[in-house]
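Note sheet for the following structure.
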Amino acid sequence: MSDFFVFRIAEQKIQEAIEQGELDNLPGKGKPLIFDDAQIPQELRSSYKILKNNGVLPTEMALKREIVSLESLLQVCLCEDNKENLRKQLSNKQVQLGVLMDKRKRRK
33 MSDFFVFRIA EQKIQEAIEQ GELDNLPGKG KPLIFDDAQI PQELRSSYKI
83 LKNNGVLPTE MALKREIVSL ESLLQVCLCE DNKENLRKQL SNKQVQLGVL
133 MDKRKRRK
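Residues in the sequence shown are numbered from 33 upward in steps of one, following my numbering.
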């Protein structure tokens, strides 16, 4: 089953729960989400915190954000020429991210 169909099923289930009021009384409703740094390696956390506090995204985070954006655009794009351009951009960003992550792994 492709990711698209899984996404559609998940969205449908969430929408049904909203319509039935199952999500109305969740703890933390209306409060901002807190994103912690659990996914960041311990040795990089202080550096990332400094970058974050100054409004700068680490390179891999910026690339991941661009990849997600390109994937979203690709899903809704109707023009085949534009889709091909988006696929090329997406592939390029994925390669850049892969190279960056390989370099980080080798440093350890």
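Ideal Cβ placement from N, Cα and C applies to all residues, glycine included. Here the structure is a predicted model, which is why all the values come from computation and not from measurement.
Quiz item: Under three-state DSSP, which class holds L106?
Solution: If DSSP states are grouped into helix, strand and coil, L106 belongs with the helices.
Exercise. Thinking L76 and L102 are a contact (beta carbons under 8 Å), I'd like their distance in whole angstroms, please.
Key: About 25 Å separates the two Cβ atoms, so there is no contact after all.
Quiz item: Where does K137 sit, in a helix, a strand or coil, going by DSSP?
Solution: helix
Self-check item: Buried/exposed call for K125, threshold 16 Cβ in 10 Å
Solution: buried
Self-check item: Every unbroken alpha helix (DSSP H) within the region 58–93, with a cutoff of 4 residues, ordered by chain
Solution: 77–85
Quiz item: Smallest Cα separation from R136: which of I99, A49, T91 and R97?
Solution: T91
Self-check item: For G130, three-class secondary structure by DSSP
Solution: Here G130 sits in helix by DSSP.
Quiz item: Considering only residues of the same chain and omitting the five flanking positions on each side of I50, which have a CB-CB separation below 7 Å?
Solution: none
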